[in-house]
Structure formats: structure tokens, C-alpha cells
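Engineer:
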Amino acid sequence: MVNLKHYDPSVRYTNGEIVCPGISLETYPEFKSMHRNELVAVSGTVQEVSYYRVLLSQAHFEFTGRHIGKDKD
Numbered sequence: 264m265v266n267l268k269h270y271d272p273s274v275r276y277t278n279g280e281i282v283c284p285g286i287s288l289e290t291y292p293e294f295k296s297m298h299r300n301e302l303v304a305v306s307g308t309v310q311e312v313s314y315y316r317v318l319l320s321q322a323h324f325e326f327t328g329r330h331i332g333k334d335k336d
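Just remember that this note's numbering sits 263 ahead of the position in the sequence shown, which is counted from 1.
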């Protein structure tokens with residue numbers, strides 16, 4: 264299970280959580296060495312939406328190598 268935060272600097276609201284169950288570290292070994300505030304592009308099929316959470320199935324991740332917030336490049 265991967266838990267991520269939604270990030271959009273142009274919007275002023277609390278960032279929501281993106282939950283992606285069933286993710287394999289063999290498929291995405293980058294998760295083993297990720298640091299806080301690394302920017303990851305996520306796509307998938309929306310299974311459920313609630314006030315602060317989006318549940319995705321068949322998630323795909325693109326690791327950008329960039330950081331957000333205080334660690335911004």
C-alpha cells in the first residue's frame with residue numbers, strides 16, 4: 264500500500280491523501296529510497312473518493328526526481 268499526498272501549489276486547501284493498494288516494491292523499487300517531499304506523478308483508476316482521500320487501483324508512478332516545499336529545486 265502506498266499513501267501519497269496530492270500537491271498543487273496553485274490551490275489553497277489541505278492536500279488530500281492518495282491511497283494505492285497492491286503496489287509491488289519489485290515493480291517500483293524507487294519507493295525504497297524515496298525521501299519526504301519527492302514529487303511523483305500518479306495515474307490510475309479511481310475506486311473511491313472521500314473528503315480527504317482518493318483510492319486508486321491499477322496505479323502507475325512516474326518518479327520525477329524533483330522535490331516540493333522546503334526542498335524545492
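By construction, the Cβ of each residue, glycine as well, lies at the ideal position given by its N, Cα and C atoms.
1. Between which two residues does the beta strand (DSSP E) containing T308 stretch?
2. On the three-state DSSP scale, how would you describe G238?
3. DSSP state of S320, grouped into three classes?
4. With G332 and N300 assumed to form a contact (beta carbons below 8 Å), what rounded beta-carbon distance in angstroms separates them?
5. For K295, collect the residues of the same chain with a Cβ closer than 7 Å to its Cβ; drop the 5 residues on either side in sequence, then sort them by chain order.
6. When DSSP labels each residue in this structure, what does E289 get in the three-state scheme?
Structural biologist: The structure says:
1. Here residue 308 refers to the residue found at position 45 of the sequence shown. Here the beta strand (DSSP E) through T308 covers 301 to 312.
2. Given a span of 264 to 336 for the chain in the structure shown, any question on residue 238 remains unanswerable.
3. If you number the sequence shown from 1, residue 320 lands on position 57. S320: strand per DSSP, three-state reduction.
4. Translated into positions along the sequence shown, residue 332 becomes position 69. Translated into positions along the sequence shown, residue 300 becomes position 37. About 5 Å separates the two Cβ atoms, so the contact holds.
5. Counting from 1 along the sequence shown, the entry for residue 295 is found at position 32. So the list reads L288, once near-sequence residues are dropped.
6. In the sequence shown, residue 289 corresponds to position 26, counting from 1. In this structure, E289 counts as coil in the three-state DSSP scheme.
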